[in-house]
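**Student:** Structure below; questions to follow.
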Amino acid sequence: NSSLSLMFYGVKNIISHRKLRRFQKYIRQHCILILSVLTILIFIIIFREEITYHFYICTLDVQPYQNAITLWSSDYHISPIQDLKAILGPLGVQFFDKSLSYSCQRTRTCSSHLRVLTRTNGMNFSDQLASEFYEFYKNQTEMNLVDAFVCFHPVSMCELYMQFNRSMIVISSTRYELSRFQPDQWMKLNENLKKIAQDPKNFVAANNLYDAEYIRYFTGIKVSVLPSLCGYTNADYNPKRTQFLLAPIHALYFDDLFKKLLKTSFKRYQDHKIKIVPIRNLYPNYKYSDLTNHPAIIHVPYQVSIMSLFEQYRMNIPLVFPSLHLLTKWHYEYGVVAEKTWEQVLNERRSKSSRINGVLTDVPDPNNDYDRSAIRYWLNFSDFYQWPHITYYESTDDLIAKLISTDFRMISKQMKEYNRQVGESVVNKWKEILNNIKQYSKKFQY
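Position 331 (the sequence shown) corresponds to 394 in our numbering; numbering is contiguous.
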């Protein structure tokens, strides 16, 4: 056995040695080819972005953009630009949507061919990066097709586009100082926003009254309110289920407290079969049509305006909110509107004042969450206190009573008519904006 093992080992070594010699011979014979392939691979790895972008430009079909108004967007929120596409797509508008949002996979709009700007540097870019962006894109094929830039979230993204001297559409969907939190940055943004607003080829607005008033407080600019339509949901109120939905409550302590209050109120109305279920308990990942199957959605709002609220309202789903008096009390005591200010979002504490002074001296500071009158003044501008056909409750007892007695189907019909009117008004306003863009676009002056 020992002899056989030695023989087998010897034969194996001979075979291995022959294979090694053949491999060495192959390498010598094909050395130049192998080095060439390796060089090409290294070149591709190093210049991957340049090669990919060049291929993208070479294969870009420019024809659809040449005779259509074309908008450029690099937003950190997918819903506002998705809404705009739903509104303007039927009007023939084209888009270069290079999203920087972490949710961009949902709409397949991730910035795969965006140069210079990245998800990391785009939220708080430097002057140098803005210059680099301009130098790279000023003569690029796709940029030459662009008639206007759109900035929702953050609005400061339009500071990046100022050097191009084209129309800019700035629509704030949240507190506009996002990514410009330091006083010097914020004040510089104010100056740039004033310049943008003063230029007749541009349009500055907010998609809600709160943010329109917020911008006016800090800049003096009277901006329009141009609400979102969210027609992309393609869903309508159709209550098949009996449970009422409870929207997420972001103030965790108050979430527990609210549910305890509800439990106590249920005992007082135990003869009525009312069921309230948190949305995420029933639908960890819901479709829009899931929400329409319920009689109403109950809110303890964590924000004054959010896209999901637009979506729910436009689907004609009845909405139930605390009264202004009750929400003022809850926010003053518990800070329940947890995303009203950036101080509470970023540092998890309520602020006593803004980092810069406002220009309206007769109006209370919107970022003072320790002044009950200031809280009430500003909360009144929230979407849910501005829109009609919303049901309000003064306590959890009153909430249960309203759920029992309210004709939500009738409310939904009223919402549908109101939404129809808003839709017509918004589309007409966008037609005016498009005509203005066309007037100043070089593409349409020949």
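The beta-carbon is built from N, C-alpha and C at its ideal position, and this holds for glycine as well.
As the structure is a computational prediction, the values presented were derived from the model and not from experiment.
Tell me the DSSP secondary structure of Ala268 in three-state form.
**Tutor:** In this structure, Ala268 counts as strand in the three-state DSSP scheme.
**Student:** Going by alpha carbons, who is nearest to Thr181 out of Asp190, Phe196, Arg171, Gln168?
**Tutor:** Looking at the Cα atoms, Phe196 is the closest of the given residues.
**Student:** Bridge partners for Phe307 per DSSP, in chain order?
**Tutor:** According to DSSP, which records beta bridges pairwise, Phe307 is partnered with Ile339.
**Student:** Three-state secondary structure (DSSP) at Phe244?
**Tutor:** Coil at Phe244, not helix or strand.
**Student:** Are the beta-carbon atoms belonging to Asn255 and Glu222 less than 7 Å from one another?
**Tutor:** In contact: Asn255 and Glu222 (Cβ atoms closer than 7 Å).
**Student:** Would Lys264 and Ser219 qualify as a contact pair, given that the criterion is a beta-carbon distance under 7 Å?
**Tutor:** Against a cut-off of 7 Å, the Cβ pair of Ser219 and Lys264 comes out as no contact.
**Student:** Count Cβ pairs between the region 418–425 and the region 347–367 that sit closer than 8 Å; are there 3 or more?
**Tutor:** Result no; under three Cβ-Cβ pairs closer than 8 Å.
**Student:** What are the start and end residues of the alpha helix (DSSP H) that includes Ile419?
**Tutor:** It is not in any alpha helix (DSSP H) - Ile419 carries neither H nor E in the DSSP assignment.
**Student:** With a CB to CB cut of under 6 Å and the five nearest residues on each side skipped, what residues in its chain are close to Gly155?
**Tutor:** Once the five neighbours on either side are set aside, the close Cβ partners of Gly155 are Ala131.
**Student:** According to DSSP, simplified to helix, strand and coil, what is Asp318?
**Tutor:** Helix.
**Student:** Going by DSSP, what residue range makes up the beta strand (DSSP E) through Val213?
**Tutor:** 211–214 is the span of the beta strand (DSSP E), which, as asked, contains Val213.
**Student:** Between which two residues does the alpha helix (DSSP H) carrying Pro143 extend?
**Tutor:** Unbroken alpha helix (DSSP H) run through Pro143: 141–151.
**Student:** Once the 5 residues before and after Asn478 are set aside, which same chain residues still bring their CB inside 6 Å of it?
**Tutor:** The sequence shown places Met at residue 478, not Asn. Contacts found: Asn379, His452.
**Student:** I need the DSSP call for Pro127, collapsed to helix, strand or coil.
**Tutor:** In this structure, Pro127 counts as helix in the three-state DSSP scheme.
**Student:** Checking 7 Å against the spacing of the C-beta atoms, do Ala298 and Thr237 come in under that value?
**Tutor:** Cβ distance not < 7 Å, so Ala298 and Thr237 don't count as in contact.
**Student:** Using a Cβ distance threshold of 8 Å, determine whether the region 322–337 contacts the region 400–412, with at least three qualifying pairs required.
**Tutor:** Touching, no, given that fewer than three Cβ pairs across the two stretches are closer than 8 Å.
**Student:** Compare the beta carbon distance of Thr517 and Leu442 with 7 Å and say whether it is the shorter of the two.
**Tutor:** Since the displayed the chain opens at 64 and closes at 509, residue 517 lies outside it and no answer follows.
**Student:** Apply the 10 Å Cβ neighbour rule to Phe507 and answer buried if 16 or more other Cβ atoms are within range, or exposed otherwise.
**Tutor:** So Phe507 ends up on the exposed side.
**Student:** If you draw a straight line from the C-alpha of Ile500 to the C-alpha of Leu134, how long is it?
**Tutor:** Between Ile500 and Leu134, the C-alpha separation is close to 10 Å.
**Student:** Below 8 Å on the Cβ atoms is my contact criterion, and I expect Ile337 with Leu309 to pass it. Report the Cβ-Cβ distance as a whole number of Å.
**Tutor:** Contact doesn't hold; Cβ gap of about 12 Å is too wide.
**Student:** Should the region 368–387 be regarded as contacting the region 452–469, the criterion being three or more beta carbon pairs within less than 8 Å?
**Tutor:** As far as the Cβ criterion goes, the region 368–387 touches the region 452–469, which means the pair count is three or higher.
**Student:** Whose C-alpha, out of Arg178, Ile141, Ala149, is nearest the C-alpha of Ile114?
**Tutor:** Out of Arg178, Ile141, Ala149, Arg178 has the C-alpha closest to the C-alpha of Ile114.
**Student:** Would you call Phe510 buried or exposed, if buried means 16 or more other Cβ atoms sit within 10 Å of its Cβ?
**Tutor:** Only positions 64 to 509 of the chain appear in the structure, and residue 510 is not among them; the question remains open.
**Student:** Can the beta-carbon of Phe471 be found less than 7 Å from the beta-carbon of Ala359?
**Tutor:** Closer than 7 Å, so yes.
**Student:** Across which residues does DSSP place Met231 in a beta bridge pair?
**Tutor:** Bridge partners of Met231: Phe212.
**Student:** Across which residues does DSSP place Tyr455 in a beta bridge pair?
**Tutor:** In the DSSP output, where bridge partners are listed per residue, Tyr455 has Phe384.
**Student:** Nearest by alpha-carbon distance to Ile259: which of Lys326, Phe227, Gln375 is it?
**Tutor:** Nearest C-alpha to Ile259: Phe227.
**Student:** I need the DSSP call for Trp450, collapsed to helix, strand or coil.
**Tutor:** Coil.
**Student:** Helix, strand or coil for Gln333 per DSSP?
**Tutor:** Coil.
**Student:** Determine, using beta carbons only, whether Tyr119 and His176 come nearer to each other than 7 Å.
**Tutor:** It is a contact, given that the beta carbons lie within the stated cut-off.
**Student:** By Cβ distance, which residues of its chain are closer than 7 Å to Lys492, with the 5 residues on each side in sequence left out?
**Tutor:** For Lys492, where only same-chain residues beyond five positions count, the Cβ hits under 7 Å are Leu289.
**Student:** CB Val286 to CB Phe321, shorter than 7 Å?
**Tutor:** No, Cβ-Cβ distance for Val286 and Phe321 is not below 7 Å.
**Student:** Compare the C-alpha of Ser137 against each of Ser166, Arg413, Pro153, Ser174 and name the closest.
**Tutor:** Considering only alpha carbons, the answer is Ser174.
**Student:** Starting from Ser436, trace the alpha helix (DSSP H) in both directions and tell me its first and last residue.
**Tutor:** Per DSSP, Ser436 belongs to the alpha helix (DSSP H) from 435–442.
**Student:** Roughly how many angstroms lie between the CA atoms of Lys326 and Thr459, to the nearest whole one?
**Tutor:** Using only the alpha carbons, I get a separation of about 9 Å.
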